[in-house]
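Protein chains in written order, with this note's numbering: chain A, 544 to 895; chain B, 544 to 895; chain C, 544 to 895. Contents: one structure, followed by commentary.
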C-alpha cells in the first residue's frame, strides 16, 4: 500500500495484516514507541474536525513521530490562491506522510498524484473516510474476535453518511455478514450502494424501524440524522424519535451487542446508554487511534518517490459540483469503472 | 493527586512535595528530559491565552512528552454541538493528561468526572486558575526561600481576579502571612474571600491606596483593572493612577521586594519598572513553566482509570449564569460545603 | 551569529560555514536527528504563511527539537493589548529560539532587543526575509556548485518583493555575478537597491522584457506580480503576459538553467513548466527546510543570555507607517547608516 484513499482498495489480506499490527500495538504499545522516530506527518485539515485530527496526531506521537500542519486553512497560503498540487508538492517535500481532510470529493486522490510521500485520506467531502472504517473494523474484530457471520445494523442517515458507505463496502470483504439498513425512506442508501450489494450477493434488508430489528443484531452502528437533510422539516420531526437509541430499546438487544457511533453524537444515542456495557463508541474512538498507529508505522516509513509527470487536464469532465476537479482544473480527466459504468476517478460520481 | 482543579485541594505537604520536584527540575533540567517520554498531553483551550497555553506546551515538551490540542475551538466539532462529556471521553482516550481552559466556571471539575486520565484546570471562567497559583508560590519560594511570615500586598481588581482569589487561599496554608488588600472600594475582595480569611484567623487589612503600604511589603502582586469592571466610567478615570506601579513609588519599597504580575500587563506597571531588579514578573512566567513541568511529571505518568458511571442530572441547580451546569444539563447536581454553606460543587457559587 | 534579522549581516565566510553544515545535513540527515534534542522553538506567526511556517516546524522536528507557537494571533493575548516586548520576554522564557513573522517592518529587530534567546526573522512586512535567502542560495549552490560568476535574472515585482531585495544583497557577496532585473517600469527595483548595486560596482541591467534575456541566464528567479501593485489596473492587464514563464519561452533557455520561485506561485509560471527538469522551485522549498535545519542547529543550541536594559523611547522617529516603532512606542530611537544616510535601524527607511 502506498496511499490510503479508499478502504475498498485494500484486499482482505492487507486488512488482516494491518489488523495484526494494530493488535500488536494495542497489546504492547511500548514496543512501538519509536517505530516512526525521525518521521514527520503533515496534517492538512481543510475543514474542522476534532476526532480524526486528534486521533491522527496522538497516533503519530505515540509511535515516536512528529506532526505539523493546519486545522484551519485560513492561516495558510490557500487564501493566496495556491493550487492543491503546489501545496502537496511543497508539503511532501517537508513531510514523510500526508494526512488530509478536505471538503472536496476526490481531494485525497488528487493529492496522491503529486505527492512524493504516502497520502492518507482523512475524509473527502461526503465521499470516503477510510480510516474511520479501519477504526470500525478494528473495534468489531477486537471486541467480537471476527467480522464473519455477524448481523450488522446501520441506522440513521444512510444516504449521506460517508462512514456508512465505506463501512458497507469494507464489510463486503467478509463472509456471511447480514446487513440491516435502518433509515427513513428519504435517507435510504444511495442506489449505487444497493447495486454494489446486489452485485456481490450480500444479504441485506432495508427497514424503516429500529426497535423491531434490534434483537437480531450483533452490531448496531448509529449515525446522526441532520434536520437539513430532509426537504420537509415536518418529515424530520415525524422521524426524529424512531432513529434514536434509548436504554429501553436496548432491553430486547443481545447481551453482547456492540453499539457503535463514529461521533460526534448529538441526541441519536441517549446519554444513559453510555453506561450500558454494550455502548462501545468511546472505546471505538480509542481503537481508531491504535488503527492509525498501525497505518502510520507502514506509510510513514516508506521511501520518498517522485510521482513523475501527470497529464495536465483542461477542466472537469465530472459534473459533481463538489468534486475537486471543479476547482483544480489542471487535474487529469481520470475515469474508472464502477460496476461497468464510467465514473470520475476522483469522486466516483457517474459520468454523463 | 489525581486531578488539579482547585489549588485549595492540595495540602501544604503536597505543595512542599511539588515544590521540591520543581526545584530539582530548575536545578537539573537535563535529568528530567525524558520524565514523560511516550506520554501525550491534550491541550484544550476554549478561550484564547498565550502564557498558560505556551507555558504548558513548553513544559510538556521539556519533560520529553508531546502535545496535541486546540487553541481556538472554532476549528473543532464543538460547533457541531458535542457535549463536554463526549469531548472529554474522546480526548482522554487519546491522551495521558488533559489540560483545559474554559470560559465556563466548573468546566474542569465537570471534565474530571468523565476523564480516564488526570485533568488539570488551566483556568475556568472567573473561578480558579490553580497553575497560576503554583507559578506564584514557586516564584516567592524560589526567590525568598519561604512563604511563611511574608507581608504580601495584592493590588488591583481583587473582586474579579481569579488569580488573586486562588493565591489568597493558597497563602492561607502558610504561617504568619500578612495580607495587604489594595483596591478601589468597588473592586474589593468578594465577601466569601473575606469570610474565608476571618474563618482562618488570617492577618489582613483592606486599603484603597498603594503608595502608603509599599514600604511594608515583601511581595507586591499587581493585577490589571479593566475599565469595564466599573459601573461608572468616571470612577475608572478617578482610580486609574492610584493602582499603577511606577519607579517613583518603588523608591520607598524594601530592597528585596518582589514585584509580581500574572501578565499580560497593560499599563498598571510602568515599563521603566521592568529594569528594576525587584521586578520579577518575567521570571515568574518562566518559573510557571517549571512548576508545570513538576505537575506533569506526576499527573501525566499515572495509570488510566475508568471513572465509572456518573449520575445523570436533569438541569442546573446552580443559578450562576456562567456555571458549566447551565449549558451541560446532564451534569450531576453536586453540592459542596464552603464554610457550612451549600455551594455548587462546580463553580462554588452559593446555592439559593 | 546570535540573531538572524537581515541576511546582509552575515559575512561570506559565515554563509559558507552555514552552507557546509546544511550540505552535511542533506547528505546525512540521520546524523542530525538529535542535534537539537531537548531544545524548544517558539514559532510566532503574526500573519499567515504555509511555507515558511511549515518549513521551520519540519526543520526543528527533523533535528530532534520541538515546537510551540501560533499561526493566527487571534487566539492569543495580543488581542488584550500586550506589547511585543512583553510577548518576547515571556516567550523567550519558555523557548530556546524564537522564529517570528510579523507584518510590521523591524519587528524581528525589535524582538531581538528583549529576547533571552536567539531570534530568527521569518519575514517582517515588506522588509526582510533572510531565511528565504538562505533557501535560495542553498538551492543555487547545491544545484550549480557555486554562486560566483552566474548570470541571475530576477523577474516580476522587483519594487515590493522583499525576497528579491534580500537575494540581491546576498548575491552581492559573491564574485562576478551578473544581474538581469526584469520588471515593468512601475515595478522596478527601489532606488536604494540601485544605489546599493552601484556602490558595490555590481554588473546589472534593467530590462522590461523576459523572453529576450532568457538565453543569457543561468538562474531565473520568478516572482508574482499582484494586480493591486499597479495604480492603473489597465497597466496590469497590459503587462500580465510578459512576465509569465511558459514552456515555449524556455525553448531558448540554457540546458542547465535553474528556474526558481519563492512560492506561492499563481500564474506567473505555467503549470506545464513544472515537468521541465529546469523547474526547481519545489526542490527549492525542500532545500529551504534543510537550510533552516542548519540554522537551528546553531541558534537553538546557544546559551540563554539576559539582553540587559534597553533605552526606553518616547515614540517613533521613523515616518514609515509600517514600521514597528509606530505601534510599539517604547522602542529605543535606534539609527543606522545605509550608504552614509541616516536610516531607521528597525525598518531601514530613510529618516527625514
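Virtual Cβ for every residue (Gly too), placed ideally from N, Cα, C.
With DSSP as the reference, label residue i as helix, strand or coil.
{"i": "residue 598 of chain C", "result": "helix"}
{"i": "residue 885 of chain B", "result": "strand"}
{"i": "residue 580 of chain A", "result": "coil"}
{"i": "residue 855 of chain C", "result": "coil"}
{"i": "residue 865 of chain B", "result": "coil"}
{"i": "residue 759 of chain B", "result": "helix"}
{"i": "residue 644 of chain B", "result": "strand"}
{"i": "residue 703 of chain C", "result": "coil"}
{"i": "residue 613 of chain A", "result": "strand"}
{"i": "residue 587 of chain B", "result": "strand"}
{"i": "residue 725 of chain B", "result": "strand"}
{"i": "residue 494 of chain A", "result": "This structure does not reach residue 494 of chain A, given that chain A is present from 544 up to 895, and the question cannot be answered."}
{"i": "residue 688 of chain B", "result": "coil"}
{"i": "residue 547 of chain B", "result": "strand"}
{"i": "residue 831 of chain B", "result": "helix"}
{"i": "residue 822 of chain A", "result": "strand"}
{"i": "residue 659 of chain B", "result": "coil"}
Using a cut-off of 7 Å between C-beta atoms, extract the partners of residue i located in chain A.
{"i": "residue 609 of chain B", "result": "604"}
{"i": "residue 576 of chain C", "result": "581"}
{"i": "residue 849 of chain B", "result": "Under the 7 Å cutoff, chain A gives no residues; its nearest Cβ is about 10 Å from residue 849 of chain B."}
Determine the chain B residues that contact residue i at a beta-carbon separation under 7 Å, and present them in chain order.
{"i": "residue 601 of chain A", "result": "583, 611, 637, 638"}
{"i": "residue 597 of chain A", "result": "611, 634, 637"}
In whole angstroms, what separates the C-alpha of residue i from that of residue j?
{"i": "residue 687 of chain A", "j": "residue 803 of chain A", "result": "13 Å"}
{"i": "residue 844 of chain B", "j": "residue 572 of chain A", "result": "15 Å"}
{"i": "residue 764 of chain C", "j": "residue 649 of chain A", "result": "33 Å"}
{"i": "residue 584 of chain C", "j": "residue 615 of chain B", "result": "21 Å"}
{"i": "residue 818 of chain B", "j": "residue 848 of chain C", "result": "15 Å"}
{"i": "residue 737 of chain A", "j": "residue 724 of chain A", "result": "10 Å"}
{"i": "residue 820 of chain C", "j": "residue 856 of chain C", "result": "53 Å"}
{"i": "residue 575 of chain B", "j": "residue 568 of chain B", "result": "7 Å"}
{"i": "residue 708 of chain C", "j": "residue 755 of chain C", "result": "23 Å"}
{"i": "residue 842 of chain B", "j": "residue 683 of chain B", "result": "23 Å"}
{"i": "residue 691 of chain A", "j": "residue 715 of chain A", "result": "10 Å"}
{"i": "residue 892 of chain B", "j": "residue 860 of chain B", "result": "11 Å"}
Leaving out five residues before and five after residue i in sequence, what residues of the same chain have Cβ atoms less than 8 Å from its Cβ?
{"i": "residue 816 of chain A", "result": "788, 789, 790, 793, 802, 822"}
{"i": "residue 814 of chain A", "result": "none"}
{"i": "residue 702 of chain C", "result": "726, 729, 730, 731, 732, 733, 772"}
{"i": "residue 592 of chain C", "result": "614, 644, 665, 666"}
{"i": "residue 670 of chain A", "result": "648, 649, 705, 890, 891"}
{"i": "residue 636 of chain B", "result": "659"}
{"i": "residue 760 of chain B", "result": "694, 695, 696, 723, 796, 797, 800"}
{"i": "residue 752 of chain C", "result": "725, 785"}
{"i": "residue 685 of chain C", "result": "566, 569, 830"}
Tell me which residues share the same chain as residue i and place their Cβ nearer than 7 Å to its Cβ, disregarding the 5 neighbours each side in the sequence.
{"i": "residue 657 of chain C", "result": "628, 631, 632, 850, 853"}
{"i": "residue 602 of chain A", "result": "832, 835, 836, 839"}
{"i": "residue 858 of chain C", "result": "872"}
{"i": "residue 578 of chain B", "result": "606, 607, 840"}
{"i": "residue 747 of chain C", "result": "722, 724, 740"}
{"i": "residue 806 of chain B", "result": "594, 824, 828"}
{"i": "residue 863 of chain A", "result": "648, 887, 890, 892"}
Below 9 Å on C-beta distance, what does residue i contact in chain A?
{"i": "residue 852 of chain B", "result": "817, 818"}
Just the chain A side, please: which residues come within less than 8 Å of residue i by C-beta, in chain order?
{"i": "residue 625 of chain B", "result": "593, 806, 807, 808, 809"}
Give the residues of chain C in contact with residue i, contact being defined as C-beta atoms less than 7 Å apart.
{"i": "residue 667 of chain A", "result": "Result: empty, since nearest Cβ-Cβ is about 20 Å, beyond 7 Å."}
Which residues in chain B sit within 9 Å of residue i, going by Cβ to Cβ distance?
{"i": "residue 630 of chain C", "result": "593, 807"}
Give, in chain order, every residue of the segment 795-808 of chain B whose Cβ lies closer than 9 Å to some Cβ of chain C. 806, 807, 808
In the segment 805-835 of chain A, which residues sit with their C-beta less than 7 Å from some C-beta in chain B, listed in chain order? 806, 807, 808, 809, 814, 815, 818, 825, 828, 829, 832
Members of the segment 856-881 of chain C near chain B, C-beta cut-off 9 Å: 873
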